[in-house]
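Accompanying notes for the structure given below.
Numbering (this note's numbering), first residue to last: 211 to 307.
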């Protein structure tokens with residue numbers, strides 16, 4: 211199933227609901243930040259302590275992923291990299307047309 215971006219914007223973006231746009235943009239930025247953190251962790255391969263001795267158990271992996279997600283959400287909610295701000299500006303400009 212293919213959905214065009216214009217169709218998504220038509221249903222999701224409403225100029226009269228900036229809070230919904232801002233929340234969606236912040237959530238999007240948090241997802242991107244979490245993915246960046248995960249990629250950096252997996253590329254490093256040395257674990258949290260830096261010596262490669264961390265336990266690679268399922269519980270440890272889940273805990274690290276949860277921490278990354280929460281950290282990414284906290285960063286995004288406080289401005290993060292500015293991606294959410296750009297998304298809000300772009301969607302608001304598109305909705306005003």
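Ideal placement from N, C-alpha and C gives every residue a C-beta, glycine not left out.
Assumed close pair residue i, residue j - CB separation to whole angstroms, cut-off 8 Å
| i | j | result |
| --- | --- | --- |
| residue 239 | residue 294 | 4 Å |
Cβ pair residue i, residue j closer than 8 Å
| i | j | result |
| --- | --- | --- |
| residue 244 | residue 284 | no |
| residue 231 | residue 301 | yes |
| residue 247 | residue 278 | yes |
DSSP-derived helix/strand/coil call for residue i
| i | result |
| --- | --- |
| residue 227 | coil |
| residue 251 | helix |
| residue 288 | coil |
| residue 267 | coil |
Buried versus exposed, by CB contacts within 10 Å (16 or more), residue i
| i | result |
| --- | --- |
| residue 235 | buried |
| residue 253 | exposed |
| residue 286 | buried |
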